[in-house]
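2 protein chains.
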Amino acid sequence: MRLFADQGFEQTTVAEIAETAGLTERTFFRHFGDKREVLFAGQDDFLQLFIDPIDAAPAATAPYELIARSLASAGDFFPNERRAYSRARAAIIAAEAALQERELSKLAMLKLRLGEVLRERGIGEPAATLAAEIGVMVFHLSFQQWIAAGERRSMAQIAQERLAALTALVTQ
Amino acid sequence: MRLFADQGFEQTTVAEIAETAGLTERTFFRHFGDKREVLFAGQDDFLQLFIDPIDAAPAATAPYELIARSLASAGDFFPNERRAYSRARAAIIAAEAALQERELSKLAMLKLRLGEVLRERGIGEPAATLAAEIGVMVFHLSFQQWIAAGERRSMAQIAQERLAALTALVTQ
DNA sequence: GTCTATAGTGCGATAGAC
DNA sequence: GTCTATCGCACTATAGAC
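Chains as they are written, first to last, in my numbering: chain A, -11 to 160; chain B, -11 to 160.
See below:
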């Protein structure tokens, strides 16, 4: 992160990263499948925040309500103290198309996982996939707003507002 | 496409592609920013199909209705004759994570462009971005269903059904 | 069109942890 | 004694500079 922030992602070689970390290039690639992956690894607990409230919900809970709970829970990953760090990381990603691609890819994986969890609850198609897509989409848009300049509201609050806006949009 | 289908995307070198096309490697990269791009270039008319019906709609048309018209129009890009080709292309993309990433990236660009068009009509935020996200998301899921084994319905029909399912999901 | 830097892979050797 | 982390080295393809 320090190297990327100072000189840019593209301008930083894997050799530099490895040296800074006191390792060899070969070892870097043992831990990370590619150079971009170093910015996205270790998001397992983040994923779990989406899933836990779904697992904990009563069996009859409607998909929409599950998504709302999932979003509220995911907000815990982004307390106010994390905002500065998230902004710095987002700036690095925003500066490089290759990193934006990887971010979209990670969000797509989250969608797939969420869809699975919903289907395991007996929610059918296309509802399960649609609910997963909506949940992750609202999360993503909310996150972008959360790190916007001057924004002070919490992630959970923004997400709730965005989900309501989506509902309003669809029911015009 | 032929080379990718026969031996896989990763196993096909740019040198091979260039030679097959009767060009040099350097010329390939002059036309395409990177190797993956060759599978995604020239989608401008596709993009326009989303935008045209929005431009043509009466000023007071609600965002949801705009999206519905956009989806109906985009369906024209996928007549039944195109289905076999789309399946073959999708199979190539599905076999390679790097290509799936690029596809998501292209869809994200489409979202951005659609959002712009909606804002130019005076639709505010977050409605414009949400509508664009919903439109492209429904398109993407519908496309995946359209190329699913045994599926015979038209793109427009599937998209309409998916959009209705989304509405039902959110309004329960 | 030529040249070169860098990402990423395959295989093997070594050292330490349990 | 097996398992895992690191390293060394040779090699190829992409991609960019000039």
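By construction, the Cβ of each residue, glycine as well, lies at the ideal position given by its N, Cα and C atoms. Computed from a prediction, not measured in an experiment: that's the story for all the values here.
On the three-state DSSP scale, how would you describe A:G123?
-> Here A:G123 sits in helix by DSSP.
Going along the chain, which residues of its own chain have a beta-carbon closer than 8 angstroms to the beta-carbon of A:L154, five neighbours each way excluded?
-> If we look at A:L154 and ignore the five residues flanking it on each side, its Cβ neighbours are I122, V126.
Of all the alpha helix (DSSP H) runs that stay within the bounds of the segment 81 to 140 of chain A, which reach a length of 4 or more residues?
-> Taken in chain order, the complete alpha helix (DSSP H) segments of 4 or more residues contained in the segment 81 to 140 of chain A are 85 to 108, 115 to 134.
Can a CB atom of chain B be found closer than 7 angstroms to the CB of A:A96?
-> Output row for A:A96: interface = yes.
Run through DSSP, which three-state label would B:D43 get?
-> B:D43 falls in the helix class under three-state DSSP.
With C-beta atoms as the reference, is B:S74 less than 7 angstroms away from B:I146?
-> Taking 7 angstroms as the Cβ cut-off, B:S74 and B:I146 do not qualify as a contacting pair.
Report the residue from A:S142, A:M143, A:A44 whose alpha carbon sits nearest the alpha carbon of A:R109.
-> Comparing Cα-Cα distances from A:R109 to each of A:S142, A:M143, A:A44, the minimum goes to A:A44.
Answer yes or no: does any C-beta atom of chain B fall closer than 7 angstroms to that of A:Q148?
-> The beta carbon of A:Q148 sits no closer than 7 angstroms to any beta carbon of chain B.
What are the residues of the segment 110 to 124 of chain B that lie near chain A, defined by any Cβ-Cβ distance shorter than 8 angstroms?
-> Answer set for the segment 110 to 124 of chain B: P114, A115, T117, L118, A119, E121, I122.
So A:D64 packs on A:L37, CB below 8 angstroms; how close in whole Å?
-> Indeed, because the Cβ distance is near 6 angstroms, the residues count as touching under 8 angstroms.
For chain B, find out if any of its Cβ atoms is closer than 7 angstroms to the Cβ of A:A29; answer yes or no.
-> Interface annotation, A:A29: not in contact with chain B, CB-CB separation never under 7 angstroms.
Closer than 6 angstroms by C-beta to A:V105: which residues in its own chain qualify, once you throw out the five before and the five after it? Chain order, please.
-> Spatial neighbours of A:V105 in its own chain (CB-CB distance under 6 angstroms, excluding positions within 5 residues in sequence) are listed in chain order as I39, I42.
Beta-carbon separation of A:E25 and B:S93 under 7 angstroms?
-> A:E25 places its beta carbon 7 angstroms or farther from that of B:S93.
Three-state class that DSSP yields for A:A50 in the structure shown = Three-state DSSP puts A:A50 in coil, outside helix and strand.
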